[in-house]
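S.K.: The numbering used here numbers the first residue of the sequence shown as 694 and each following residue consecutively. Here it is: the structure, laid out below.
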Amino acid sequence: GAKYNSMDEILALFPEELPVLINFYDAATEDEIKNDIFRAKTLLKDRATVCSIKQQDYPEIAKLWDCDTKTPSMILFQDGKPVTRIYEESHYLEIVARVGKYCRAPGEEFKAAN
C-alpha cells in the first residue's frame, strides 16, 4: 500500500532548502521518460531535488494535485508551496530550463524575491 497520505508527507522527506520537483508519471511511460528524468536530476543536482512518483501508487494524491491524467505531470515546490507546473514535457533540457529559473545557481547565496 501507499506509504504517504499527503503531499506534505512526501515533501517532508526533503528537509533541505532546495526546491523539490515532484514528477508524477504513468507506469506505462516509465521506460520512455526515465533516461530524461535521470539526466534532469543529474543536471539539477545541488539546485533542486527530483522525486518521481508513479501515478498508480498514489492515485488520490495525483488526482488532488491535478497530476493524474497527463504523464509526466510535474510540480515544483519551493518552501512547501507549488511555484510552477510542467505537463507532458519529458525532454531533460526543457525540464532543467524550466526548473532552473526557480533555483539559485550553485554556490550563490539565496536572494529572497521581493
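Beta carbons are placed, not taken as given, at the ideal position from N, Cα and C, and that holds for glycine. Only a predicted model underlies this, so the values are computations on that prediction, with no experimental measurement involved.
Apart from the five residues just before and just after D761, which ones in its own chain have a Cβ nearer than 7 angstroms to its Cβ?
M.R.: Q748, P752, A755, listed in sequence order.
S.K.: Using only the alpha-carbon positions, how far apart do A721 and T764 sit?
M.R.: Taking the straight line joining both Cα atoms gives about 9 angstroms.
S.K.: So for L706, helix, strand or coil by DSSP?
M.R.: In the structure shown, L706 sits in coil (DSSP, three-state: anything other than H, G, I, E or B).
S.K.: Would you call the CB atoms of I746 and I788 closer than 8 angstroms?
M.R.: No, they are not a contact pair.
S.K.: Which of helix, strand or coil does DSSP assign to K756?
M.R.: Helix, per DSSP.
S.K.: By Cβ distance, which residues of its chain are closer than 8 angstroms to E781, with the 5 residues on each side in sequence left out?
M.R.: Same-chain partners within the cutoff: K763, T764, P765, S766.
S.K.: Report the CB separation of R732 from Y785 in whole angstroms; it is logged as a contact under 8 angstroms.
M.R.: R732 to Y785, Cβ: 4 angstroms. Contact.
S.K.: Given this structure, state the Cα-to-Cα distance separating V792 from L757, to the nearest angstrom.
M.R.: Distance between the alpha carbons of V792 and L757: 22 angstroms.
S.K.: Could you compute how far the alpha carbon of L736 sits from the alpha carbon of D729?
M.R.: Going by the C-alpha atoms only, they are around 10 angstroms apart.
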